[in-house]
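Numbering (the working numbering), first residue to last: 127 to 517. From the three backbone atoms N, C-alpha and C, an ideal C-beta is built for every residue, glycine too. Note that this is a predicted model, so its numbers are computed, not measured.
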């Protein structure tokens, strides 16, 4: 049964019938090379089976099925039209894949163990860059001590519809960040600022563990990261809950760069643990995040939020290499996406607690440094956000 129907006017309809098991409630139409689809708000209200299976994410096998069908189908018409259809199918494959990525709740539907290169990376990098931009804005007010400004990012259309909810600032232990809400994207952002001095992350690498939670035995975390998170968590918890109650269909996205990535992980896990009824709404995006806890913690985190977390690393960034696991037993959680070069090619690591040797770990620690930590996605301007951000 074909999912593609081509009429005499070269309009192409992707009918849902061919995806009854994988994608029971989505119909895509392509007319004149432009892709449209059935009303997304209706799809969300219907709570289709495919969304429930994977925390509102369209199954990857459905994406592969569509790509295969679009590539292979040729209507029973003359050779000239068949040639035109082949060309059109080739053009549409990239559009359809990009559509699925964007539609699936802004998640990256990527394949562990695969390297993405060239044009196929753009829709994914665009999404990563969106969340990295939120992490960057936290540095604008970090040195101010109060208030909020998105700096030059205010001119980006992304921020035109973002409403600031609250900010927080703690000097001892250090913790800064903000909560913002986007009606356009239907997302609540809990954004943690990174460290004022990169060296403090490395120096703190030898800090002792402390228990994460008494009811999760064996899970321990970096004491400094835990203290900076716990110092403000009770305050922001009220705001997150209130925002989630006011916007029950919104995603709750925890974001952070550097030390802020560790804070994002800890706060997201605490929130998921205490509010399991909305756990599926949580997303976590970190950039240049250090290791947070021991292996048991990484396993517990993976069980709770592993499928909803994207840990982005970039080239020879030193921070993902600390604290050291060989000596102290620190362990990263998945899913790591390692950006290989400035062109945006990236490798998706194996979705396991055990670190993938082809991810950031491919870089010997001696060859890493701070330059790549401050230049994610070719954004060296992060070094200008705060004069205190230095080695």
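Around the beta carbon of residue 419, 16 or more other beta carbons lie within 10 angstroms, which makes this residue buried. In the displayed model, residue 391 falls within a helix according to three-state DSSP. Boundaries of the beta strand (DSSP E) harbouring residue 348: 346-348, taken from the DSSP string.
DSSP places residue 380 inside the beta strand (DSSP E), whose first and last residues are 377-383. Sequence-distant Cβ neighbours of residue 494 in its own chain, meaning closer than 8 Å and more than five residues away, are 442, 443, 444, 447. Here the region 238-250 makes contact with the region 468-480; the two share three or more CB pairs at distances below 8 Å. Scanning 288, 320, 458 for the CA closest to the CA of residue 432 turns up 458. Here the C-alpha atom of residue 415 lies approximately 26 Å from the C-alpha atom of residue 370. A distance below 8 Å separates the beta carbons of residue 385 and residue 321. Taking 8 Å as the cut-off, the beta carbon of residue 261 is found closer than this to the beta carbon of residue 383. The beta-bridge partner set that DSSP reports for residue 439 consists of 464.
Taken through DSSP and simplified to helix, strand or coil, residue 423 comes out as helix. Boundaries of the alpha helix (DSSP H) harbouring residue 365: 359-372, taken from the DSSP string. Burial check for residue 499: the Cβ neighbour count within 10 Å reaches 16 or more, so the residue is buried. In the DSSP assignment, residue 474 is bridged to 463. Around the Cβ of residue 341, a 10 Å sphere holds fewer than 16 other Cβ atoms; the residue is exposed. Taking residue 334 as the centre and dropping the five residues before and after it, the same chain places the C-beta of 349 closer than 6 Å to its C-beta, in chain order. By the neighbour-count criterion, in which a residue is buried when 16 or more other Cβ atoms sit within 10 angstroms of its Cβ, residue 361 is exposed. Its Cα nearest to that of residue 402, the residue 367 stands out among 372, 367, 302. In this structure, residue 377 places its C-beta atom within 8 Å of the C-beta atom of residue 409. The Cβ-Cβ distance between residue 456 and residue 449 falls below 8 Å.
In chain order, 458, 487 place their CB closer than 7 Å to the CB of residue 481, counting only its own chain and leaving out the 5 sequence neighbours on each side. For residue 493, there is no enclosing beta strand (DSSP E), as DSSP gives it neither H nor E. Classified as exposed, residue 252 has fewer than 16 neighbouring CB atoms from the shown chains inside 10 Å of its CB. Counting along the chain, the unbroken beta strand (DSSP E) around residue 306 starts and ends at 300-308. Taking residue 395 as the centre and dropping the five residues before and after it, the same chain places the C-beta of 427, 430, 431 closer than 7 Å to its C-beta, in chain order. Judged by DSSP secondary structure, residue 290 falls within the beta strand (DSSP E) whose first and last residues are 289-297.
Per DSSP, the continuous beta strand (DSSP E) segment holding residue 412 begins and ends at 408-413. Ranked by Cα distance from residue 299, the first of 389, 263, 305 is 389.
With respect to the C-alpha of residue 290, the residue from 297, 296, 264 having the closest C-alpha is 264. Beyond the five residues adjoining it in sequence on each side, residue 484 comes within less than 8 Å, by CB distance, of 464, 473, 475 in the same chain, given in chain order. Assigned with DSSP and collapsed to three states, residue 251 falls in helix.
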